[in-house]
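Report on the following structure.
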Amino acid sequence: MRIFDPHIHMSSRTTDDYEAMYAAGVRALVEPAFWLGQPRTSPESFYDYFDSLLGWEPYRAAQHGIQHYCTIALNPKEANDPRCTPVLDELDRYLAKDRVVAVGEIGYDSMTPEEDEALARQLQLAIEHELPALVHTPHRDKATGTRRTLDVVRESGIAPELVVLDHLNELTVGMVLDSGCWAGFSIYPKTKMSEDRMVSILQEHGTDRVLVNSAADWGRSDPLKTRKTADAMLAAGFDDDTVDKVLWRNPVAFYGQSGRLDLDEPKPDEESSFEGNSIRRGGA
Numbered sequence: 001m002r003i004f005d006p007h008i009h010m011s012s013r014t015t016d017d018y019e020a021m022y023a024a025g026v027r028a029l030v031e032p033a034f035w036l037g038q039p040r041t042s043p044e045s046f047y048d049y050f051d052s053l054l055g056w057e058p059y060r061a062a063q064h065g066i067q068h069y070c071t072i073a074l075n076p077k078e079a080n081d082p083r084c085t086p087v088l089d090e091l092d093r094y095l096a097k098d099r100v101v102a103v104g105e106i107g108y109d110s111m112t113p114e115e116d117e118a119l120a121r122q123l124q125l126a127i128e129h130e131l132p133a134l135v136h137t138p139h140r141d142k143a144t145g146t147r148r149t150l151d152v153v154r155e156s157g158i159a160p161e162l163v164v165l166d167h168l169n170e171l172t173v174g175m176v177l178d179s180g181c182w183a184g185f186s187i188y189p190k191t192k193m194s195e196d197r198m199v200s201i202l203q204e205h206g207t208d209r210v211l212v213n214s215a216a217d218w219g220r221s222d223p224l225k226t227r228k229t230a231d232a233m234l235a236a237g238f239d240d241d242t243v244d245k246v247l248w249r250n251p252v253a254f255y256g257q258s259g260r261l262d263l264d265e266p267k268p269d270e271e272s273s274f275e276g277n278s279i280r281r282g283g284a
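Going by the UniProt record's numbering, the sequence shown runs without a break in its numbering and finishes at 284.
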C-alpha cells in the first residue's frame, strides 16, 4: 500500500513517527505552514520556520524514505496579529521555491475582517504563482465559515479545482463538492473526523476530489490515521484500487497541479548531513 498524507505537521513529530509512517506505507507528504501553539512575536520567526520547511524537514524525511513537500502562508489565526501580518509582503520569495506545492494554510479561524483580507490576498498570490490553495475551515460554526469561504474563493477568480477546503465534516462536504473545489478531511483520535465516519462519507459522496489526511501536529493526533482509514475502507468493502485512488492518486492529482512533485523515493544516506547537522545520535 502506498500513502500520500496531504496535510501533516512533521516539524512537531519525532523520527519514530517517520519510521512508523514509512512502515505503514507513507511515501510522500505535504506539511502546511501553521501556528506554533503560542503567538509569534515578529515576522522574522516565520522566515526561520519557512526555511526549515524547505530545508531541514525534507532532509529529515528523506532519511526515512519519504518525500516531503510544504505549503507556505500566513495562517488564519495569526492573521489577526499585527506583529505577524508583514509576512504577507514576503511570501512571494518563498512561493517561488521548488518544494512549495500550494499556498496554505489560509482561510478562517474566527472570521474576522483581518482574516478576510489575508485570505483574499493569499488567494491572489496563488493565482499569480499558479499554485493550488489549501484552505482551513474554522472549527467553530463550520457550516457558516465554509459558505463564507466558498464565497471568497468564487470572488477571487481562482479555478475551483485548484482549491481544497480542509477539516470538513458531514455538514460541509456537499456544498464544497458542489462548488467544484476539493474536499479535505482530517482524521483525528478524538475530534474532527474518525476513520469510520470517513468511510461513510466516501460511501455517500464518492471518491472524486477527496483528500484524507492525519493533520498530525503537537496536539493529540495520530500520524498513522491515513493508514487506519485505508484499512477501514478495505474492511468496508472498498477495493485496493479505490483505496489507492483516495490515499495516493488524489493527493498526487491535487498537488501535482503545482508542477513541482517528484515522487521518486529518496534514498536514505546515514552519512549525509544538512547544514552540518544530522539525525544520527551516538555516532563516533
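Glycine included, every Cβ here is placed at the ideal spot set by N, Cα and C.
Quick caveat: nothing in here was measured; it's all calculated off a predicted structure.
Segment limits, beta strand (DSSP E) that includes residue i
i	result
Val152	Careful: Val152 lies outside any beta strand (DSSP E), inside the alpha helix (DSSP H) at Lys142 to Ser156.
Asp211	For the record, residue 211 in the displayed sequence is Leu; it is not Asp. Per DSSP, Leu211 belongs to the beta strand (DSSP E) from Val210 to Asn213.
Arg83	Per DSSP, Arg83 belongs to no beta strand (DSSP E) and is neither H nor E.
Gln67	Gln67 to Ile72
Val30	Val26 to Pro32
Ala79	Premise fails: Ala79 is in no beta strand (DSSP E) and is neither H nor E.
Leu134	Ala133 to His136
Closest by C-alpha distance to residue i, when choosing among the options
i	options	result
Gly37	Thr207, Ser11, Met21 and Leu224	Ser11
Glu144	Asp109, Val210, Glu130 and Pro160	Note that residue 144 is Thr in the sequence shown, not Glu. With distances taken between Cα atoms, Thr144 lies closest to Asp109.
Ala61	Trp35, Ile8 and Ala235	Ile8
Cys70	Tyr188, His64 and Trp56	Trp56
Ala24	Pro223, Glu204, Glu155 and Phe274	Pro223
Ile127	Arg147, Val153, Gly107 and Thr149	Val153
Thr172	Asp231, Glu161, Leu150 and Leu162	Leu150
Leu177	Lys142, Glu161, Ile72 and Ala28	Glu161
Leu88	Gly206, Arg99 and Asn75	Asn75
Leu54	Ile72, Asp92 and Gln257	Ile72
Leu234	Lys267, Ser258, Ser200 and Asp264	Ser200
Lys142	Ala118, Gly107 and Ala159	Gly107
His64	Ser273, Asn277, Phe274 and Asp269	Asp269
Leu247	Glu265, Arg121 and Leu202	Leu202
Lys225	Ser156, Lys192 and Leu91	Lys192
Gln124	Ser272, Gly259, Arg99 and Gly157	Gly157
Boundaries (first-last residue) of the alpha helix (DSSP H) holding residue i
i	result
Leu125	Pro113 to His129
Glu57	Trp56 to Ala62
Asp5	Unbroken run through Asp5 is the beta strand (DSSP E), Ile3 to Asp5; no alpha helix (DSSP H).
Val243	Asp240 to Asp244
Ala232	Lys225 to Ala235
Ala96	First-last for Ala96: undefined, no H or E at that position.
Asn250	Asn250 to Tyr255
Cβ-Cβ separation, residue j to residue i (assumed contact under 8 Å), whole Å
i	j	result
residue 287	Arg220	Examination of residue 287 is not possible in this model, given that the chain is present from 1 through 284 alone.
Ala232	Glu195	4 Å
Pro58	Tyr255	Rounded, the Cβ-Cβ distance is 15 Å, inconsistent with contact.
Val101	Leu95	Going by Cβ atoms, the distance from Val101 to Leu95 rounds to 10 Å, so no, they are not a contact pair.
Met175	Arg147	7 Å
Pro251	Pro6	4 Å
Met21	Ile66	7 Å
Val243	Ala253	Between Ala253 and Val243 the Cβ distance is about 15 Å, and since that is not below 8 Å, they are no contact.
How do the stretch 154–170 and the stretch 124–136 stand: do at least 3 beta-carbon pairs fall below 8 Å, yes or no? yes
Counting beta carbon pairs with one atom in the stretch 24–43 and one in the stretch 231–243, are three or more of them shorter than 8 Å? no
Check whether the stretch 178–191 touches the stretch 205–224, taking contact to mean three or more Cβ pairs, one atom from each stretch, closer than 8 Å. yes
Below 8 Å, can you find three or more Cβ-Cβ pairs linking the stretch 13–22 to the stretch 44–57? no
Quick check on the DSSP output: what are the complete alpha helix (DSSP H) runs of length 4 or more inside the stretch 156–208, in order along the chain? 173–179 and 195–205
Is the stretch 73–86 in contact with the stretch 110–121, if contact means three or more CB pairs nearer than 8 Å? yes
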